[in-house]
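In the order they appear, the protein sequences are chains A and B.
Letter by letter, the first sequence follows residues 0 to 534 of numbering that gives the first Met the number 0.
Letter by letter, the second sequence follows residues 0 to 534 of numbering that gives the first Met the number 0.
Where is the CB? At the ideal position from N, CA and C, for every residue including glycine.
Quick caveat, the model's predicted, so the values are computed rather than measured.
Below is one structure, written out as structure tokens; the observations come after it.
Number of protein chains: 2
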Amino acid sequence: MSDRNGAPPMTRRDLLRMIGVSAGSAAMYQAMTALGFAAESKRNGPVDLSDAPRGASVLILGAGIAGMTAAYELRNAGYRVQVLEYNARPGGRNWSLRGGDTYTELGGATQQCRFDKGLYINPGPWRLPHHHQHILHYCRELGVKVEPFIELNQNAYVHSSRAFGGKPMRYRAYQSDFNGAVAELLAKSVREHGLDAPLTKEDGEKLLAALQLFGALDNDYRYVESDGTSDRRGYLRDPGGGLSGRPQFSKPLSPGDVFRSGLWETPWLHSVYEFQETLFQPVGGMGRIGEAFGRELGTIIRYRSRVTKIDQDEHGVTAYYEDAGKPGSTMKAQADWCLCTIPLSILSQIPMSVGKPMADAIAAVPYASAIKIGLQFKRRFWEEDEQIYGGITMTDLPIQQIGYPSHGCFDRGKGVLLGAYVWGQSAFELTAMSPEDRVRAAVRYGAQIHPQYEAEFDNGVAVAWHRSPFTMGCFGIWSDAAREQHYDNLCAIDGRVALAGEHASFLPAWQEGAVTSALDAISRIHRRAVAGGHA
Amino acid sequence: MSDRNGAPPMTRRDLLRMIGVSAGSAAMYQAMTALGFAAESKRNGPVDLSDAPRGASVLILGAGIAGMTAAYELRNAGYRVQVLEYNARPGGRNWSLRGGDTYTELGGATQQCRFDKGLYINPGPWRLPHHHQHILHYCRELGVKVEPFIELNQNAYVHSSRAFGGKPMRYRAYQSDFNGAVAELLAKSVREHGLDAPLTKEDGEKLLAALQLFGALDNDYRYVESDGTSDRRGYLRDPGGGLSGRPQFSKPLSPGDVFRSGLWETPWLHSVYEFQETLFQPVGGMGRIGEAFGRELGTIIRYRSRVTKIDQDEHGVTAYYEDAGKPGSTMKAQADWCLCTIPLSILSQIPMSVGKPMADAIAAVPYASAIKIGLQFKRRFWEEDEQIYGGITMTDLPIQQIGYPSHGCFDRGKGVLLGAYVWGQSAFELTAMSPEDRVRAAVRYGAQIHPQYEAEFDNGVAVAWHRSPFTMGCFGIWSDAAREQHYDNLCAIDGRVALAGEHASFLPAWQEGAVTSALDAISRIHRRAVAGGHA
């Protein structure tokens with residue numbers, strides 16, 4: 000379009016288009032939904048790129064979720080699109096490891112995944128919150144079936160090696176005792192000290208009634224052993240039928256034990272927006288989304304192409320890359336515009352002709368360390384012995400989390416657990432180990448929670464994101480200060496280059512951030528292209 | 000076995016058998032699980048009926064879940080078994096209404112279900128808690144596939160016609176504001192008044208830290224508009240990507256509004272044991288369990304047989320019944336023992352030769368009224384427009400609940416909602432209406448929550464349990480006093496007759512109560528039979 004000039008062609012400007020142009024594609028999609036135009040959204044997609052200039056081209060760097068979203072929409076809008084991808088597969092961090100897959104990390108360690116047929120682990124994202132409507136839109140559009148992801152399981156554990164003798168506690172018991180202790184303390188305070196303005200005496204009565212229900216308090220506002228509290232925290236013996244069915248009540252923890260245990264550091268996570276019910280996962284693994292995009296885009300994606308340099312001038316963009324099949328080769332791709340979705344951890348090492356604001360922004364975002372370890376066991380003992388179907392156990396051990404599969408519940412045969420999902424310092428410690436040692440560590444730690452681990456362990460894989468050749472980290476960490484100073488500069492189009500990816504969003508680490516950042520960026524590129532490159 | 004005498008044959012008595020004999024089958028199953036003998040439990044089933052006397056026979060009245068559980072286990076143990084069932088289908092309250100099904104209630108009103116293929120409503124039970132291990136055992140045993148039942152959906156609504164202008168509120172927003180208000184009030188109290196023994200100053204510091212996480216309080220322990228509170232209660236505009244992705248925060252309710260609204264009457268339900276995550280449902284409808292039992296038992300079940308009288312003497316039991324195909328006919332069935340699973344609401348009207356304790360118990364249990372209304376809509380607007388996938392909206396309107404299907408999420412095409420699930424006074428009012436009027440009422444009320452109702456409504460069915468010819472009520476209501484006086488008498492074997500069903504359990508209304516009461520009763524019948532009928 001660099002050779003185009005003059006006024007852009009007059010086009011239809013309907014309500015949705017205007018919303019989209021003035022407030023961005025995410026706002027447009029939300030407005031469409033609010034207005035009940037879901038059917039229209041299905042036809043038009045979540046971004047309006049109508050009246051694309053004839054022959055205009057966009058080069059996309061990276062075939063992750065952001066890059067492929069952009070490629071899909073731009074192609075559908077009539078742009079000429081090419082995607083360069085480092086890996087031999089589409090998806091990037093959208094990825095499932097299945098039996099037979101091989102993965103080589105930085106340093107050369109190669110793992111062969113030996114899971115049974117149908118079993119998998121998602122080294123990257125593993126859940127789709129219901130409000131992540133853009134990525135869910137593409138699941139539907141591309142025919143990727145989804146199923147419920149069980150995030151909250153009150154029968155899973157909270158565990159601290161420093162509390163209750165290191166014995167795991169059912170989430171239900173701890174949550175109930177926490178609520179009961181809080182309700183009892185507040186009820187006592189209200190009855191002894193009253194309430195402060197602006198709450199009235201009547202408010203106080205309503206509050207007491209609410210606390211009674213919330214905390215399962217008795218008529219004296221105490222949280223004590225009873226049918227009522229066992230019906231929250233669990234029974235010593237469950238109610239049943241006939242003459243043997245009389246329940247036995249369980250004994251609550253004391254408030255002191257509740258607060259001293261430190262276990263309250265994790266249950267609140269379930270009330271955070273991203274982890275609120277309902278959530279979904281693609282049937283067969285998160286990688287199904289990337290695979291579907293890859294199939295849809297076909298030869299638009301050029302795999303095994305490592306970008307080494309990005310140049311631009313007033314006419315267009317040139318990317319230089321090496322073909323992994325021809326080491327030392329230098330090839331180039333050119334287009335009117337470039338959308339670069341390469342993680343900043345990699346991009347900051349690639350020479351790129353952009354101005355100082357974008358360059359500074361690229362250099363300003365460190366990447367989080369994270370590890371996921373998948374463990375295959377000979378049987379689904381967490382279900383058979385402990386009645387845990389999906390959900391997550393939280394622990395202060397270096398494995399941090401154990402994730403139970405939401406799918407295949409009650410299946411006989413082998414099963415794969417997420418044996419560790421680790422951020423922070425523990426992630427660096429595990430990253431420093433060999434993959435085999437990481438797996439061994441996950442089994443050793445996990446056995447403190449599930450004694451069946453040692454006997455039932457079959458095999459495992461461990462992906463440490465700081466050793467991933469295509470990201471060298473898990474996701475971009477934005478401090479408030481960095482976001483204030485650099486975020487807009489990172490996202491603003493620099494000449495003919497725009498960036499997209501979870502790092503260019505307010506949803507770090509989430510695919511929804513990647514998708515919405517791509518839609519936002521291409522709608523801005525489109526506006527410039529329509530305006531003849533001079534907008 | 001009435002002709003058997005002398006000592007019972009010596010049999011293998013292993014640990015599990017002893018637990019089963021001394022504490023009942025439910026306790027045995029729990030012990031097996033606790034001991035890690037899940038594999039054994041699979042082989043042996045949840046009850047040990049070994050060494051059944053040759054030729055011993057049991058007559059079972061009712062082919063609901065209790066009767067069929069008993070028939071299945073007794074047959075497998077070698078007993079001669081016959082089941083008499085009033086309906087033309089197995090399952091009883093385990094039942095799914097699908098397109099093409101017909102249902103005639105007391106009074107003669109007949110409904111034809113006109114749902115599309117694959118859509119259904121469960122007029123009776125609709126969920127299987129993960130700890131209801133006995134009914135789940137039979138799902139697995141009979142090849143009934145299950146899938147997650149989404150009970151908690153923080154994106155569904157809580158609604159009061161008397162609060163917030165009658166506008167429904169997302170569960171997440173109300174729950175967060177409730178937690179925030181409680182946490183803020185308690186933090187204030189602790190800081191101003193301190194804590195009482197046995198809590199220490201250190202406990203107080205831990206409590207404050209916990210309240211901050213629990214309630215999303217700021218550093219001054221206040222619950223205020225912020226990214227942190229919006230990340231619980233929801234944003235005014237969700238975070239997204241690129242330059243249009245900056246989130247807009249939402250404004251919390253004041254504590255006074257939280258407590259005055261009365262909406263706290265429902266969210267606590269999600270913390271009750273039976274409704275705690277995870278839960279399951281059979282793929283294709285709850286009725287799949289009854290249907291599978293029915294297929295398995297085949298001609299052991301005699302359908303359309305209405306029991307009119309139950310006699311017993313020291314030799315055995317005789318039941319008289321009418322074949323619905325031959326009105327006025329009287330036929331009889333005889334056996335050594337009888338397990339009667341007929342609901343007490345019906346049984347109390349059938350002449351029966353049992354002693355006063357059991358007779359009094361049968362008469363002592365009133366039956367709960369309940370109504371379920373299934374509504375088919377032309378599209379799944381609750382998903383497309385409101386992003387509600389599964390879960391339940393709670394309201395003070397006479398429909399009480401709206402249940403969203405956990406299955407088929409994101410499907411295009413029609414969908415069926417549970418448009419009302421009503422107990423108590425409202426249930427009687429709806430029962431008094433014609434089925435058509437009940438459906439109309441559900442649409443009218445529901446439209447206050449989902450305005451799409453009127454335009455999208457397609458057709459509906461309404462099952463009022465007090466008009467059900469085979470139960471005349473929904474489930475047995477046990478007061479504490481009635482249970483104290485009558486429960487053991489209801490469950491104790493009277494001569495050669497024992498009772499089973501949810502009414503003979505500590506889990507009223509739940510299928511698990513029916514299953515465990517059946518297992519408990521047949522293990523006691525078995526012990527008497529093994530002992531030669533003289534135990």
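Under 8 Å between C-beta atoms of B/Leu296 and B/Tyr137: On the second sequence, position 297 is the one that residue 296 of chain B refers to. On the second sequence, position 138 is the one that residue 137 of chain B refers to. In this structure, B/Tyr137 does not lie closer than 8 Å to B/Leu296 by Cβ.
Straight-line gap, B/Pro404 to A/Asp230 (C-alpha atoms, nearest Å): Sequence index remark: in the second sequence, residue 404 of chain B carries index 405 (1-based). Sequence index remark: in the first sequence, residue 230 of chain A carries index 231 (1-based). B/Pro404 and A/Asp230: Cα-Cα distance of roughly 26 Å.
Buried or exposed (CB count within 10 angstroms, at least 16 for buried), B/Gly164: Start at 1 with the first residue of the second sequence, and residue 164 of chain B comes out as number 165. Here B/Gly164 is exposed, its C-beta having fewer than 16 other C-beta atoms within 10 Å.
For B/Val143, three-class secondary structure by DSSP: To locate residue 143 of chain B, count along the second sequence from 1; it is residue 144. Coil at B/Val143, not helix or strand.
Interface flag, A/Val271 vs chain B, CB-CB below 8 Å: As a working note, residue 271 of chain A is residue 272 in the first sequence. Taking Cβ atoms only, chain B reaches closer than 8 Å to A/Val271, which makes this a yes.
Runs of beta strand (DSSP E) lying entirely within the region 386 to 435 of chain A, each at least 3 residues, in chain order: Those beta strand (DSSP E) runs which fall completely within the region 386 to 435 of chain A and span 3+ residues are 391 to 394, 400 to 402, 414 to 422.
A/Pro365 versus A/Leu338 - alpha carbon distance: Stepping through the first sequence from its first residue, residue 365 of chain A is reached at position 366. Stepping through the first sequence from its first residue, residue 338 of chain A is reached at position 339. Rounded to whole angstroms, A/Pro365 to A/Leu338 spans 21 Å at the Cα level.
Beta carbon of B/Leu198 nearer than 8 Å to that of A/Pro254: Position 199 of the second sequence, counted from the first residue, corresponds to residue 198 of chain B. Position 255 of the first sequence, counted from the first residue, corresponds to residue 254 of chain A. Cβ atoms of B/Leu198 and A/Pro254: closer than 8 Å.
Where A/Val316 falls: helix, strand or coil (DSSP): For the purposes of this step, residue 316 of chain A is taken as the residue at position 317 of the first sequence. The answer is strand: DSSP assigns A/Val316 an E or B state.
Contacts around A/Ser21, its chain only, beta-carbon distance under 6 Å, and the 5 residues preceding and following it disregarded: The sequence position of residue 21 of chain A within the first sequence is 22, counting from 1. At A/Ser21, the pLDDT of 40 sits below 50, so the modelled position is not reliable and the matter cannot be decided from this model.
Other residues of its chain near B/Ile309: CB distance less than 6 Å, five sequence neighbours each side excluded: Sequence index remark: in the second sequence, residue 309 of chain B carries index 310 (1-based). Excluding positions up to five away in sequence, the list reads Ala318, Met351.
Beta-bridge partners of A/Phe163, as assigned by DSSP: As a first step, residue 163 of chain A is located in the first sequence; it is residue number 164 there, counting from the start. When beta bridges are read from the DSSP output, A/Phe163 appears opposite no residue.
Chain B residues whose Cβ lies nearer than 7 Å to that of A/Ser160: Reading the first sequence from its first residue, position 161 is the one you call residue 160 of chain A. Going along chain B, no residue has its Cβ under 7 Å from A/Ser160, so there is no contact; the nearest lies around 17 Å.
Whole-number beta carbon distance between A/Tyr78 and A/Ser304, since they are thought to touch under 8 Å: Taking the first sequence and counting its residues from 1, one reaches residue 304 of chain A at position 305. Taking the first sequence and counting its residues from 1, one reaches residue 78 of chain A at position 79. In this structure A/Ser304 does not touch A/Tyr78 by the C-beta definition: roughly 20 Å separates them, more than the 8 Å allowed.
Whether B/Phe505 touches A/Pro89 by CB criterion (8 Å): Locating residue 505 of chain B in the second sequence gives position 506, counting from the first residue. Locating residue 89 of chain A in the first sequence gives position 90, counting from the first residue. No.
Among B/Asp519, B/Asn93, B/His130, nearest to B/Glu276 - alpha-carbon criterion: Looking up residue 276 of chain B in the second sequence gives position 277. The residue with the shortest Cα to Cα distance from B/Glu276 is B/His130.
Straight-line gap, A/Glu382 to A/Asp226 (C-alpha atoms, nearest Å): Here residue 382 of chain A is taken as the residue at index 383 of the first sequence, counted from 1. Here residue 226 of chain A is taken as the residue at index 227 of the first sequence, counted from 1. Going from the Cα of A/Glu382 to the Cα of A/Asp226 covers about 26 Å.
A/Trp509 versus A/Ser95, A/Gly54, A/Leu127, residue with shortest Cα-Cα distance: Within the first sequence, numbered from 1, the residue matching residue 509 of chain A stands at position 510. If we check each option's Cα against that of A/Trp509, A/Leu127 comes out closest.
CB contact below 8 Å: A/Ile149 versus chain B: By one-based count along the first sequence, residue 149 of chain A stands at place 150. A Cβ of chain B is located within less than 8 Å of the beta carbon of A/Ile149.
Between the CA atoms of B/Ile134 and A/Gly240 - distance to the nearest angstrom: Within the first sequence, residue 240 of chain A is the residue found at index 241, counting from 1. Within the second sequence, residue 134 of chain B is the residue found at index 135, counting from 1. Those two C-alpha atoms are separated by around 12 Å.
Three-pair Cβ contact test at 8 Å for the region 322 to 338 of chain A versus the region 52 to 63 of chain A: As far as the Cβ criterion goes, the region 322 to 338 of chain A touches the region 52 to 63 of chain A, which means the pair count is three or higher.
CB contact flag (A/Leu210, A/Leu185, <8 Å): Counted from its first residue, the first sequence places residue 210 of chain A at position 211. Counted from its first residue, the first sequence places residue 185 of chain A at position 186. Their beta carbons are under 8 Å apart, which means A/Leu210 touches A/Leu185 by this criterion.
Length of the line joining the Cα atoms of B/Pro8 and B/Val529: Reading the second sequence from its first residue, position 9 is the one you call residue 8 of chain B. Reading the second sequence from its first residue, position 530 is the one you call residue 529 of chain B. Note that B/Pro8 scores 34 on pLDDT, short of 50, meaning its location in the model is unreliable; the coordinates nonetheless yield the value given after this. Taking the straight line from one Cα to the other gives about 8 Å.
Within-8 Å CB hit, A/Tyr388 to chain B: Position 389 of the first sequence, counted from the first residue, corresponds to residue 388 of chain A. Chain B, which has a Cβ nearer than 8 Å to the Cβ of A/Tyr388, makes this yes.
Classification of B/Thr329 by the beta-carbon crowding that lies within 10 angstroms, buried from 16 upward: Taking the first residue of the second sequence as position 1, residue 329 of chain B is located at position 330. Burial call: exposed.
Exposure label - A/Glu183; buried when at least 16 CB within 10 Å: To locate residue 183 of chain A, count along the first sequence from 1; it is residue 184. A/Glu183 is buried by the Cβ-count criterion.
Cutoff 8 Å: B/Leu506 Cβ touching any chain A Cβ: Position 507 of the second sequence, counted from the start, is the residue given in the question as residue 506 of chain B. With 8 Å as the cut-off, B/Leu506 counts as an interface residue toward chain A.
Burial state of A/Arg437 (16 or more Cβ within 10 Å): One-based indexing of the first sequence puts residue 437 of chain A at position 438. Counting of Cβ neighbours within 10 angstroms places A/Arg437 among the buried residues, the total reaching 16 or more.
A/Thr340 classed as buried or exposed, judged by whether at least 16 other C-beta atoms fall within 10 angstroms: Counting from one through the first sequence, the residue named residue 340 of chain A turns up at place 341. Of the other Cβ atoms in all chains shown, 16 or more fall within 10 Å of the Cβ of A/Thr340; this residue is therefore buried.
Element boundaries [alpha helix (DSSP H), containing B/Ser229]: Position 230 of the second sequence holds residue 229 of chain B. Its alpha helix (DSSP H) spans residues 226 to 232.
Between the CA atoms of A/Asp457 and A/Phe376 - distance to the nearest angstrom: Position 377 of the first sequence holds residue 376 of chain A. Position 458 of the first sequence holds residue 457 of chain A. Going by the C-alpha atoms only, they are around 5 Å apart.
Cβ distance (whole Å) where B/Gly123 is taken to contact B/Ala513 below 8 Å: In the second sequence, counting from the first residue as 1, residue 123 of chain B sits at position 124. In the second sequence, counting from the first residue as 1, residue 513 of chain B sits at position 514. Between B/Ala513 and B/Gly123 the Cβ distance is about 11 Å, and since that is not below 8 Å, they are no contact.
Status (buried if at least 16 other CB within 10 Å, exposed otherwise) for B/Asp384: Position 385 of the second sequence, counting from 1, holds the residue named residue 384 of chain B. Label assigned to B/Asp384: buried.
The region 216 to 246 of chain B: positions lying closer than 9 Å to chain A by Cβ: Listed by position, the residues of the region 216 to 246 of chain B near chain A (Cβ gap below 9 Å) are Ser229, Asp230, Arg231, Arg232, Gly233, Tyr234, Arg236, Asp237, Pro238, Gly239, Gly240, Gly241, Leu242, Ser243, Gly244, Arg245, Pro246.
Cβ-Cβ distance between B/Leu96 and B/Gly475 below 8 Å: The sequence position of residue 96 of chain B within the second sequence is 97, counting from 1. The sequence position of residue 475 of chain B within the second sequence is 476, counting from 1. Cβ atoms of B/Leu96 and B/Gly475: not closer than 8 Å.
Same chain, Cβ closer than 6 Å to B/Ala440, neighbours up to 5 away in sequence not counted: For the purposes of this step, residue 440 of chain B is taken as residue 441 along the second sequence, with counting starting at 1. Contacts found: none.
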